[in-house]
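Q:
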Amino acid sequence: MPLPPHTPLEAIYEVVMATIQRAAPAMAEYGLTMSTTYALWAIDPDEPPPTMKVVAQRLRCSSSSLTFTSDRLVKLGYITRTEHPTNRRTRLLALTPPGRAARAAALNALDKASPLLRLSETERADLLDVLTRALVLEPEAPDAPAASPPPMPAPHP
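Listed below in structure tokens is the structure:
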């Protein structure tokens with residue numbers, strides 16, 4: 090049983106973890122884990138195939154982690170990994186038709202599993218606005234000293 094959240098970050102974590110736990114059976118039907126689902130999510134079917142570097146940046150992971158994950162998705166038949174036409178050192182990741190279906194099913198399962206569905210449409214829109222504003226980073230002034238990280242919060246009793 091999770092502890093009740095005491096900070097917004099703890100609440101976000103609990104929402105994400107509850108969503109993943111509830112959606113896991115539906116994702117498993119497609120042979121997906123959360124890491125492979127994230128990788129499919131990072132490949133937008135409405136955009137040209139991204140490079141491995143772009144997907145790694147979207148996932149905030151290392152190239153080696155993405156290589157492992159993309160190997161699994163290639164074996165499942167959900168993506169192709171091909172050489173970039175103008176740069177042989179770069180690989181492109183593209184969804185296959187089964188990959189598009191698995192991506193849609195996994196994202197749908199995550200949406201349906203989210204505790205955020207308990208909120209009204211207006212509350213979810215407001216939450217999206219607040220979280221989107223929190224993600225916007227202010228550019229640092231060219232000669233400004235680097236900001237020190239905030240102190241770690243004290244553990245809750």
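90 is the number of the first residue of the sequence shown in our numbering; add one for each residue after it.
All C-beta atoms, glycine included, are put in the ideal place defined by N, C-alpha and C.
Excluding the five sequence neighbours on either side, which residues of its own chain have a C-beta within less than 7 Å of the C-beta of G120, listed in chain order?
A: Only L165 meet the Cβ criterion.
Q: Taking three-plus beta-carbon pairs below 8 Å as touching, is the segment 188–199 in contact with the segment 118–132?
A: Contact holds: three or more Cβ-Cβ distances are below 8 Å.
Q: Can you check whether the CB of P114 is closer than 9 Å to the CB of A183?
A: No, they are not a contact pair.
Q: Contact defined as beta carbons within less than 8 Å: I believe T171 pairs with L155. What is the distance between those atoms, to the nearest angstrom?
A: That pair is no contact at about 15 Å.
Q: Here's the rule: buried if 16 or more other CB atoms are within 10 angstroms of the residue's CB, otherwise exposed. What is S209?
A: So S209 ends up on the exposed side.
Q: Around the C-beta of T96, are 16 or more other C-beta atoms found within 10 angstroms, so that it is buried, or is it exposed?
A: The residue is exposed, with fewer than 16 neighbouring Cβ atoms inside 10 Å.
Q: Among A195, L220, A214, which one has its Cα closest to the Cα of I109?
A: Considering only alpha carbons, the answer is A195.
Q: In terms of DSSP beta bridges, what is R192 paired with?
A: Partner(s): none; R192 has no beta bridge.
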